[in-house]
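Q:
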Amino acid sequence: LAKTTQPISMDSYEGQEVNITCSHNNIATNDYITWYQQFPSQGPRFIIQGYKTKVTNEVASLFIPADRKSSTLSLPRVSLSDTAVYYCLVAFLTNAGKSTFGDGTTLTVKP
Amino acid sequence: DGGITQSPKYLFRKEGQNVTLSCEQNLNHDAMYWYRQDPGQGLRLIYYSQIVNDFQKGDIAEGYSVSREKKESFPLTVTSAQKNPTAFYLCASSIYRDGAYNEQFFGPGTRLTVL
């Protein structure tokens with residue numbers, strides 16, 4: 027299983043763009059990268075998923091370089107409600123159990 | 002309203018007692034998962050099930066047991082063999098579509114405290 031490494035914490039201010047990078051050096055050919063958001067005492071919530079290049083949805087963008095050894099979650103114009111823990115997950119999608127959550131990045135958005 | 006329910010939200014047990022945590026989903030999802038989360042830590046996979054009547058151990062299965070008799074239900078039993086059972090337990094499910102398991106949907110969690 028691919029191990030993921032993320033910064034433990036990050037601070038930002040309202041209205042700024044936030045980029046959180048996840049390192050996954052031993053990612054396998056069939057692995058996908060998925061990001062989740064978790065608020066205290068709640069279950070994580072899916073944000074975005076990708077395999078290569080760039081993926082964008084209504085809340086975030088995911089950038090994956092050609093070697094796929096890292097990925098960057100980009101949150102545009104964050105607000106106080108974006109304060110949460112963000113997890114990068116590398117998953118082999120054809121096997122439900124082949125996925126690993128890292129320790130996550132605690133993002134604190136300040137006014 | 003489709004979703005995943007876990008009950009109870011808070012659970013207290015005495016040391017040495019087995020306890021069963023409930024997880025039900027009405028999303029018609031194929032796979033179900035149990036995770037454990039300790040304070041300030043990430044999620045660790047306990048067990049997962051891809052189909053009814055089949056399940057596999059995750060990274061920290063020792064001291065836990067599960068069953069998958071129905072597609073919508075995946076109860077977790079924390080046995081007395083689990084050395085440090087106090088934690089936040091999360092259940093999740095995902096659908097199998099186009100040859101892959103899609104994103105996981107999580108329940109609200111059960112916080113277990115063993116006294």
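Heads up: the sequence lines are chains P and R, in that order. Start counting the first sequence at 27; every next residue gets the next number (our numbering). Start counting the second sequence at 2; every next residue gets the next number (our numbering). All C-beta atoms in this analysis are idealised placements derived from N, C-alpha and C, irrespective of residue type, glycine included.
Please confirm whether R/G34 and R/A93 have their CB atoms less than 8 Å apart.
A: Numbered from its first residue, the second sequence carries residue 34 of chain R at position 33. Numbered from its first residue, the second sequence carries residue 93 of chain R at position 92. Contrary to the premise, residue 34 of chain R reads as Tyr rather than Gly in this sequence. Going by C-beta atoms, R/Y34 is nearer than 8 Å to R/A93.
Q: In this structure, does DSSP put P/S35 in helix, strand or coil?
A: As a first step, residue 35 of chain P is located in the first sequence; it is residue number 9 there, counting from the start. Residue state, collapsed to three classes: strand.
Q: Straight-line CA distance for P/Y62 to P/C114?
A: Against the first sequence, residue 62 of chain P aligns to sequence position 36. Against the first sequence, residue 114 of chain P aligns to sequence position 88. Each residue's alpha carbon lies about 7 Å from the other.
Q: Should the stretch 72-89 of chain R be regarded as contacting the stretch 98-105 of chain R, the criterion being three or more beta carbon pairs within less than 8 Å?
A: Too few Cβ pairs lie closer than 8 Å, so no.
Q: Whose C-alpha, out of R/I5, R/E16, R/Y97, is nearest the C-alpha of R/T114?
A: Translated into the one-based positions of the second sequence, residue 114 of chain R becomes position 113. The residue with the shortest Cα to Cα distance from R/T114 is R/E16.
Q: List, in chain order, every chain P residue whose beta-carbon is nearer than 7 Å to that of R/Q57.
A: Looking up residue 57 of chain R in the second sequence gives position 56. Residues of chain P passing the Cβ test: G123.
Q: Taking R/Y90 as the query, report the chain P residues whose CB atoms sit under 9 Å from its CB, ordered along the chain.
A: Locating residue 90 of chain R in the second sequence gives position 89, where the first residue counts as 1. Under the 9 Å cutoff, chain P gives no residues; its nearest Cβ is about 10 Å from R/Y90.
Q: Would P/F72 pass as an interface residue toward chain R - the criterion being a Cβ-Cβ separation below 8 Å?
A: Translated into the one-based positions of the first sequence, residue 72 of chain P becomes position 46. Answer yes: the Cβ-Cβ gap between P/F72 and chain R drops below 8 Å somewhere.
Q: Using the Cα positions of R/P9 and R/P109, report the straight-line distance between them to the nearest angstrom.
A: Here residue 9 of chain R refers to the residue found at position 8 of the second sequence. Here residue 109 of chain R refers to the residue found at position 108 of the second sequence. The alpha-carbon atoms of R/P9 and R/P109 are separated by roughly 10 Å.
Q: Tell me the DSSP secondary structure of R/D39 in three-state form.
A: Residue numbering aside, residue 39 of chain R sits at position 38 when the second sequence is read from its first letter. R/D39: coil per DSSP, three-state reduction.
Q: For P/I73, which of P/Y39, P/T98, P/K136 has the nearest alpha-carbon?
A: For the purposes of this step, residue 73 of chain P is taken as residue 47 along the first sequence, with counting starting at 1. Nearest C-alpha to P/I73: P/T98.
Q: Quick one: Cα of P/F89 to Cα of P/K78, how far?
A: Taking the first sequence and counting its residues from 1, one reaches residue 89 of chain P at position 63. Taking the first sequence and counting its residues from 1, one reaches residue 78 of chain P at position 52. P/F89 and P/K78: Cα-Cα distance of roughly 8 Å.
Q: Using a Cβ-Cβ distance cut-off of 8 Å, determine whether P/L106 contacts chain R.
A: As a first step, residue 106 of chain P must be located in the first sequence, where it is residue number 80. Not one chain R Cβ lies under 8 Å of P/L106.
Q: Quick one: using the 10 Å Cβ neighbour count with 16 as the cut-off for buried, is P/P170 buried or exposed?
A: No answer is possible for residue 170 of chain P: the residues shown for chain P start at 27 and end at 137.
Q: Does any residue of chain R bring its CB to less than 8 Å from the CB of P/D37?
A: Residue mapping note: residue 37 of chain P aligns to position 11 of the first sequence, counting from 1. P/D37 does not count as touching chain R.
Q: Can you give me the C-alpha to C-alpha distance between R/G4 and P/I53, rounded to a whole angstrom?
A: Counting from one through the second sequence, the residue named residue 4 of chain R turns up at place 3. Counting from one through the first sequence, the residue named residue 53 of chain P turns up at place 27. Rounded to whole angstroms, R/G4 to P/I53 spans 31 Å at the Cα level.
Q: Which runs of the beta strand (DSSP E), 3 residues or longer, sit entirely within the stretch 52-112 of chain P?
A: 57-64, 71-76, 79-82, 87-90, 96-101, all fully within the stretch 52-112 of chain P.
Q: Between R/F75 and chain P, is the shortest Cβ-Cβ distance under 8 Å, so that the two count as touching?
A: Start at 1 with the first residue of the second sequence, and residue 75 of chain R comes out as number 74. With 8 Å as the cut-off, R/F75 does not count as an interface residue toward chain P.
Q: Pull up the CB-CB distance for P/Q68 and P/I46, whole angstroms please, since I reckon it's below 8 Å.
A: Translated into the one-based positions of the first sequence, residue 68 of chain P becomes position 42. Translated into the one-based positions of the first sequence, residue 46 of chain P becomes position 20. With 8 Å as the limit, P/Q68 and P/I46 do not qualify as a contact, their Cβ atoms being about 19 Å apart.
Q: Below 6 Å CB to CB, which residues in the same chain sit around R/I61 once its five sequence neighbours on both sides are set aside?
A: To locate residue 61 of chain R, count along the second sequence from 1; it is residue 60. Excluding positions up to five away in sequence, the list reads R45, I47.
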